[in-house]
Every structure is written in C-alpha cells, then in structure tokens.
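K.L.:
Have a look at this one.
Protein chains: 2
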Amino acid sequence: MRSRRAELVEAARSVFVQKGYQQASMNDVIAASGLSAGAIYNHFSGKTDIMSAAARVDLSPFEARKDELPWEFVERCLVTLRHNVQLTRFLAITWGEAVTVPEVAEVVNEQLSLLRLRVVASYRAWAETELDFSPAELESWLQVLGSAVLSVLTGFVVQASTIQDFDADSYFEFARTILRQA
Amino acid sequence: MRSRRAELVEAARSVFVQKGYQQASMNDVIAASGLSAGAIYNHFSGKTDIMSAAARVDLSPFEARKDELPWEFVERCLVTLRHNVQLTRFLAITWGEAVTVPEVAEVVNEQLSLLRLRVVASYRAWAETELDFSPAELESWLQVLGSAVLSVLTGFVVQASTIQDFDADSYFEFARTILRQA
DNA sequence: GTCTATAGAGCGATAGAC
DNA sequence: GTCTATCGCTCTATAGAC
Chain R
5 MRSRRAELVE AARSVFVQKG YQQASMNDVI AASGLSAGAI YNHFSGKTDI MSAAARVDLS
65 PFEARKDELP WEFVERCLVT LRHNVQLTRF LAITWGEAVT VPEVAEVVNE QLSLLRLRVV
125 ASYRAWAETE LDFSPAELES WLQVLGSAVL SVLTGFVVQA STIQDFDADS YFEFARTILR
185 QA
Chain D
5 MRSRRAELVE AARSVFVQKG YQQASMNDVI AASGLSAGAI YNHFSGKTDI MSAAARVDLS
65 PFEARKDELP WEFVERCLVT LRHNVQLTRF LAITWGEAVT VPEVAEVVNE QLSLLRLRVV
125 ASYRAWAETE LDFSPAELES WLQVLGSAVL SVLTGFVVQA STIQDFDADS YFEFARTILR
185 QA
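Note that the protein sequences, when read in sequence, are chains R and D.
In terms of our numbering, the first sequence opens at residue 5 and continues consecutively.
In terms of our numbering, the second sequence opens at residue 5 and continues consecutively.
Here it is, written out as structure tokens:
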C-alpha cells in the first residue's frame with residue numbers, strides 16, 4: 005500500500021502538469037488530494053518542498069535491462085516518452101522550473117546526471133567487448149556519446165511538448181541513425 | 005530610438021529570466037521598467053500579454069548568412085547560445101512555460117517552426133548542388149536532418165540550463181559529428 | 001501617456017480542536 | 001494525523017487626477 009506522502013506527491017504532480025508549478029495553488033493541490041490543508045502541511049514544509057518531491061519522477065522505466073544493447077535501451081526510453089504524454093509534458097515543465105527554483109534544479113541535475121551515467125555505462129559495457137579503443141579514446145568517445153543521447157532525449161521532450169505538428173517518426177529515424185553509429 | 009513598448013518588454017524579460025514568468029510579479033516588472041502600473045497597463049492588456057511579448061525573442065542571430073554552409077550556420081547558433089547564458093536560460097524557462105500557457109505556446113511553436121524552416125532551407129540549398137538525391141529522398145533526408153538540428157539546439161539549451169557540470173566541449177564535438185554527415 | 005492610490009480576490013501558511 | 005477556520009499578505013488590475 006502506498007504511503008500517504010507518496011499519495012500527496014502524486015496528487016500534486018497531476019495538478020502541476022496541468023497548470024504549471026507556480027500557477028497551481030496549494031488549494032488546487034489540496035482539492036486534488038481529497039484531504040485538507042492541515043494534512044498536507046503535516047507531511048511537507050511548504051509549497052517548494054512538495055514541488056521538489058513532485059519533480060523527482062520515477063526513473064525505473066529509464067534503466068537498462070540485462071542483455072539490452074545500448075541503442076535498444078535508449079530507443080526504449082524514447083518509446084516510453086512517446087507513449088506517456090503526461091510525463092513528457094511534466095518533464096518539460098520541470099526543466100523550465102529548474103532554471104529559477106534551486107530546489108527543483110537540484111532534483112533535475114541529479115536525475116539527468118543519473119540518466120547520463122546509465123547511458124554511458126551501457127555503451128561502455130558494449131564497447132569493451134565489441135570495439136577496440138584505447139582507454140583514453142574510449143572515455144572521450146563515451147563523453148561525446150553521452151552528450152548525443154541526452155540531446156536525443158531532452159530534444160524529444162522539448163519538441164514534443166512545444167511544436168504543434170511535431171513529427172515523431174522523423175525524430176525516431178534521426179535518433180536511430182545517431183545511436184547506432186558506434 | 006526604441007519604442008516605449010519595446011523598452012517595457014525588455015524590462016519584463018530581464019525580470020522573467022531571473023524569477024520565472026509566474027514568480028515575477030507585475031510590481032517587479034514595474035520596478036524594473038522605471039515606470040508605473042498605469043504606464044504598463046496602457047501598453048499591455050495584462051500580465052499574459054506582456055509574457056507572450058517577452059517570449060518573442062530576437063531571432064536575427066539565428067539566420068543563415070549568404071554563402072554560409074549549413075553546419076557552419078548551426079554551429080554559429082550554438083556558439084551564440086554558449087556565449088549568451090541569459091538567452092539560453094530564458095529559452096529554457098519559456099519552453100517550460102509554453103506547456104501550460106497557450107499564449108506562450110503559440111510564440112514558441114512559431115519560433116521553433118521558423119528555426120526549423122531556416123535550417124531545412126539551408127541544407128536544401130546545399131544538397132541541391134552537392135548531393136544526388138531524388139526529390140522524394142531529398143525531402144525525407146531534410147525531415148530527418150531538421151529533427152537532428154533542432155535536437156542539437158534544444159538539447160543544448162536544456163542541458164546547459166539544468167546540468168551543473170555540463171561539458172560544452174563534448175557537446176560541440178558531438179554536434180559537429182552529427183551536422184557534417186550528409 | 002503616466003502618475004498614485006487602492007480595490008477585490010486569492011495566496012501560502014498556521015492555530016487549535018478532535 | 002487530519003480537520004476547519006482564518007490570519008496577514010501579495011497579487012493583478014483599475015480609477016481618476018494630471
């Protein structure tokens with residue numbers, strides 16, 4: 005059974021994704037939770053506190069599976085985003101909020117850095133058995149590829165959220181081209 | 005000489021980039037402009053109106069020059085962003101705001117679509133003299149390349165704004181690799 | 001076209017009962 | 001741990017003088 009705190013975070017997130025963090029009022033969050041002001045403030049110190057908790061989305065769908073090739077992993081991340089419009093919207097909102105709210109910035113930095121680590125680890129494991137790089141070459145190659153993958157993922161989120169006639173198919177074709185060129 | 009309206013938009017933008025659109029109050033904007041509430045509301049119908057005006061940033065640095073190769077054009081866009089941290093931050097904030105504020109969404113959609121058109125036009129002009137595509141192949145290739153370039157640019161904005169130890173050099177190396185593979 | 005003053009609503013957060 | 005009631009403040013926007 006889910007903890008009350010997790011329940012409140014989920015309610016808050018559903019409000020933030022519709023209205024944005026700042027335009028959503030605590031009354032909105034309270035109404036969505038089905039509880040009362042007192043209940044919320046017993047679990048969170050204030051609005052910023054619940055904002056940073058909401059920003060910490062579940063990253064378990066963005067974890068490489070065993071025996072999954074690096075580009076399969078990344079493409080699965082993209083597919084997850086494509087099929088979860090609410091999540092994609094929420095990420096775009098959150099990244100914008102991170103620029104001006106330090107508590108959100110901390111969470112976003114943490115999560116994007118973790119995602120980069122996972123991507124790099126996936127490519128490293130593959131490269132060590134399949135490619136013939138010197139250690140220095142390998143690290144440099146991994147840095148560049150980390151930038152590439154993060155760009156593919158963040159680019160998808162921004163464009164899918166803001167461009168009206170966004171062409172996801174062209175985007176996937178581009179992504180596949182990038183990811184496989186080892 | 006700059007119009008009063010443009011002056012007010014500039015003041016508003018300097019506030020929004022520091023505090024975010026919603027957290028900035030009209031009093032903040034009024035103070036930054038050096039004028040008064042009455043003056044602002046004489047030129048704008050309300051806060052949303054001045055927000056959408058501020059979101060419409062100057063795109064003239066993101067225009068291809070004559071005889072500029074496509075990847076030179078895109079790399080110059082990246083360099084412009086790299087050297088203008090305030091602009092990069094502001095774009096990240098604005099794209100987040102676009103998700104929940106229709107008036108901002110309209111501007112962002114318009115500007116990113118224009119940018120894509122410019123990129124595609126630049127690559128098309130080059131491809132027509134240098135490459136040997138059939139018309140159908142060319143259009144498909146341009147779509148994919150448009151996605152690639154927009155991803156490079158939006159990815160830079162998001163990562164530079166949110167990742168603490170963002171490595172711009174690796175990013176540029178990745179970008180150059182992408183853009184030149186025709 | 002710009003000013004000052006303020007209306008009127010909504011905000012985040014708290015107190016105290018249960 | 002959750003409730004209701006409410007405080008004190010800030011917000012956007014307007015009115016009316018100049």
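We treat Cβ as the ideally placed atom computed from N, Cα and C, and that holds for glycine.
None of these values were measured; they are calculated from a predicted model.
Under a three-way DSSP split, which group does Arg6/D fall into?
P.N.:
Working through the second sequence from its first residue, we reach residue 6/D at position 2. Three-state DSSP puts Arg6/D in coil, outside helix and strand.
K.L.:
Between which two residues does the alpha helix (DSSP H) containing Asp32/R stretch?
P.N.:
Start at 1 with the first residue of the first sequence, and residue 32/R comes out as number 28. Met30 to Ser37 is the span of the alpha helix (DSSP H), which, as asked, contains Asp32/R.
K.L.:
If the cut is a Cβ gap below 8 Å, which residues of chain R does Tyr175/D touch?
P.N.:
Position 171 of the second sequence, counting from 1, holds the residue named residue 175/D. Those within 8 Å of Tyr175/D in chain R are Ser151 and Ser155.
K.L.:
CA-CA distance, Gly159/R and Leu121/D?
P.N.:
In the first sequence, the residue the question calls residue 159/R occupies position 155. In the second sequence, the residue the question calls residue 121/D occupies position 117. The alpha-carbon atoms of Gly159/R and Leu121/D are separated by roughly 17 Å.
K.L.:
Listed in chain order, which residues of the region 75 to 102 of chain D have Cβ atoms closer than 7 Å to some Cβ of chain R?
P.N.:
So the close ones are Arg93, Ala96, Ile97, Trp99, Gly100, Glu101 and Ala102.
K.L.:
Is the region 139 to 148 of chain D touching the region 132 to 141 of chain R, taking contact as three or more C-beta pairs under 8 Å?
P.N.:
No, the region 139 to 148 of chain D is not in contact with the region 132 to 141 of chain R.
K.L.:
Skipping 5 residues on each side, what residues in its chain have a beta carbon closer than 6 Å to that of Leu149/R?
P.N.:
As a position in the first sequence, residue 149/R is number 145, starting the count at 1. Tyr127, listed in sequence order.
K.L.:
Scan the region 37 to 57 of chain D for residues whose Cβ lies nearer than 7 Å to a Cβ of chain R and list them as they occur along the chain.
P.N.:
Those would be none; no residue qualifies.
K.L.:
Within its chain, find whatever has a CB closer than 7 Å to the CB of Ile34/D; leave out the 5 residues flanking it on each side and keep chain order.
P.N.:
Residue numbering aside, residue 34/D sits at position 30 when the second sequence is read from its first letter. Contacts found: Ser40, Ala41 and Ile44.
K.L.:
On the DSSP letters alone, give me the boundaries of the alpha helix (DSSP H) that Glu67/R sits inside.
P.N.:
For the purposes of this step, residue 67/R is identified with residue 63 of the first sequence, where counting begins at 1. First-last for Glu67/R: undefined, no H or E at that position.
K.L.:
Measuring straight from C-alpha to C-alpha, what distance separates Glu132/D and Trp145/D?
P.N.:
The sequence position of residue 132/D within the second sequence is 128, counting from 1. The sequence position of residue 145/D within the second sequence is 141, counting from 1. In a straight line, the C-alpha of Glu132/D is about 12 Å away from that of Trp145/D.
K.L.:
Given Val21/R, which residues of its chain have a CB within under 8 Å of its CB, disregarding the five upstream and five downstream residues?
P.N.:
One-based indexing of the first sequence puts residue 21/R at position 17. So the list reads Gln90, Arg93, Phe94 and Ile97, once near-sequence residues are dropped.
K.L.:
Listing by chain order, which chain D residues have their CB less than 9 Å from the CB of Leu116/R?
P.N.:
For this step, residue 116/R is matched to residue 112 along the first sequence. Result: Val162, Gln163, Thr166 and Ile167.
K.L.:
From Thr166/D, Gln163/D and Leu82/D, pick the residue whose C-alpha is nearest to that of Val153/D; which is it?
P.N.:
Walking along the second sequence from the start, residue 153/D turns up at place 149. Per the Cα distances, Leu82/D.
K.L.:
Excluding sequence positions up to five away, which residues of its chain have a Cβ less than 7 Å from the Cβ of Ser18/D?
P.N.:
Taking the second sequence and counting its residues from 1, the one referred to as residue 18/D is at position 14. Cβ neighbours of Ser18/D beyond the five flanking positions: Ala36.
K.L.:
How would you label Ala16/R, buried or exposed, when you count the other beta carbons within 10 angstroms and need 16 or more for buried?
P.N.:
As a first step, residue 16/R is located in the first sequence; it is residue number 12 there, counting from the start. Buried.
K.L.:
Could you give the DSSP three-state label for Arg60/D: helix, strand or coil?
P.N.:
Within the second sequence, numbered from 1, the residue matching residue 60/D stands at position 56. Looking at Arg60/D - three-state DSSP - the assignment turns out to be coil, as it is neither helix nor strand.
K.L.:
How many Å lie between Pro74/R and Val161/D at the Cα?
P.N.:
Counted from its first residue, the first sequence places residue 74/R at position 70. Counted from its first residue, the second sequence places residue 161/D at position 157. Their backbone Cα atoms lie some 25 Å apart in a straight line.
K.L.:
For the alpha helix (DSSP H) containing Gly159/D, list its first residue and its last residue.
P.N.:
Within the second sequence, numbered from 1, the residue matching residue 159/D stands at position 155. Gly159/D -> alpha helix (DSSP H) spans Pro139 to Thr166.
K.L.:
Tell me which residues share the same chain as Gln163/R and place their Cβ nearer than 6 Å to its Cβ, disregarding the 5 neighbours each side in the sequence.
P.N.:
On the first sequence, residue 163/R is found 159 positions in, with the first residue counted as 1. These residues qualify, in order along the chain: Phe170.
K.L.:
Three or more beta-carbon pairs under 8 Å between the region 49 to 59 of chain R and the region 108 to 117 of chain R, yes or no?
P.N.:
In short, these stretches touch, since the Cβ pair count reaches three.
K.L.:
Using 10 angstroms around the beta-carbon of Glu14/R, count the other beta-carbons present and answer buried if the total reaches 16, otherwise exposed.
P.N.:
Taking the first sequence and counting its residues from 1, the one referred to as residue 14/R is at position 10. By the neighbour-count rule (16 or more Cβ atoms within 10 Å), Glu14/R is not buried but exposed.
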